[in-house]
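Please read the structure below before turning to the comments.
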Amino acid sequence: MSKVVRVLVLSLCLICMSAIASASSFRLGDQGAEIAEIQAALASQGYDVTADGDFGPATQAAVAAFQSANGLDNDGLVGAMTYQTLMGRNMPVVSRSSNYIAKRIINSSLNYIGVPYVFGGTTPSGFDCSGFTRYVFATAGISLPRTADVQFEIGTPVSYDNLMPGDLVFFSTYTYGASHVGIYMGDGNFINASSSRGVVVDSLSSSYWASCYIGARRVL
Numbered sequence: 001m002s003k004v005v006r007v008l009v010l011s012l013c014l015i016c017m018s019a020i021a022s023a024s025s026f027r028l029g030d031q032g033a034e035i036a037e038i039q040a041a042l043a044s045q046g047y048d049v050t051a052d053g054d055f056g057p058a059t060q061a062a063v064a065a066f067q068s069a070n071g072l073d074n075d076g077l078v079g080a081m082t083y084q085t086l087m088g089r090n091m092p093v094v095s096r097s098s099n100y101i102a103k104r105i106i107n108s109s110l111n112y113i114g115v116p117y118v119f120g121g122t123t124p125s126g127f128d129c130s131g132f133t134r135y136v137f138a139t140a141g142i143s144l145p146r147t148a149d150v151q152f153e154i155g156t157p158v159s160y161d162n163l164m165p166g167d168l169v170f171f172s173t174y175t176y177g178a179s180h181v182g183i184y185m186g187d188g189n190f191i192n193a194s195s196s197r198g199v200v201v202d203s204l205s206s207s208y209w210a211s212c213y214i215g216a217r218r219v220l
């Protein structure tokens with residue numbers, strides 16, 4: 001095996017290991033009894049967190065602080081090593097379906113209703129349309145390209161009648177091709193960073209959006 005091939009194989013293995021580690025970690029946005037147990041364990045060690053079962057920013061900060069204090073990578077994710085160190089037992093299997101991830105993305109997106117539109121914006125201080133979708137998908141560990149036209153080139157094409165929550169919906173607005181993108185929520189609605197109204201929920205059946213709609217992609 002040549003040196004180049006060995007390097008490529010090693011790189012692919014590292015990427016796969018990273019993806020597996022991320023998928024099998026408790027993280028921001030997760031909810032449930034397991035999260036409450038983690039929070040209770042953190043609180044018992046003096047970290048400022050409430051055992052409410054919701055892995056929010058406060059829990060993420062507490063996890064990162066715990067990791068730093070125990071010589072672990074302080075990424076704010078509760079993976080196998082962090083869980084073992086904190087809980088004193090092996091970590092349970094974390095299973096995530098595409099439906100779970102879609103719900104997580106939509107719940108995350110709703111936190112930004114009312115955030116103003118900023119051309120080129122990629123943070124909660126201001127989003128443009130693709131900056132918004134990219135940011136929200138990243139909260140679920142999914143990386144999207146930066147611009148709407150390139151986002152339109154990834155994933156699997158989805159017909160209008162088969163749209164599912166979490167699908168990316170695309171529109172031709174100020175220029176030819178995919179120039180605007182949003183996240184389908186179900187029931188004919190999608191959330192998007194509108195240039196005139198900021199982050200809002202709109203209907204695909206409204207006269208304006210229906211006339212601009214050009215297709216959808218499924219990346220989950």
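Counting from 1, one number per residue, gives the positions in the sequence shown under full-length UniProt numbering. Cβ coordinates follow ideal geometry from the N, Cα and C atoms, glycine included.
Check, Outcome
"Closest by C-alpha distance to residue 55, when choosing among 98, 108, 169, 46", "108"
"Coil, strand or helix - residue 66 by DSSP", "helix"
"Segments assigned beta strand (DSSP E), at least 3 residues, entirely inside the UniProt domain \"NlpC/P60\" (99-220)", "156-158, 168-171, 180-186, 189-194, 198-203, 213-218"
"Same chain, Cβ closer than 6 Å to residue 211, five either side skipped, listed in chain order", "none"
"Separation of residue 66 from residue 74, as counted between CA atoms", "8 Å"
"Burial state of residue 184, where buried means 16 or more other Cβ atoms lie within 10 Å", "buried"
"Contacts around residue 30, its chain only, beta-carbon distance under 7 Å, and the 5 residues preceding and following it disregarded", "55"
"Ordered list of alpha helix (DSSP H) runs contained in the region 31-80, each at least 4 residues", "33-44, 57-69"
"Distance between residue 132 and residue 121 (C-alpha atoms, nearest Å)", "8 Å"
"C-alpha gap between residue 105 and residue 166, whole angstroms", "7 Å"
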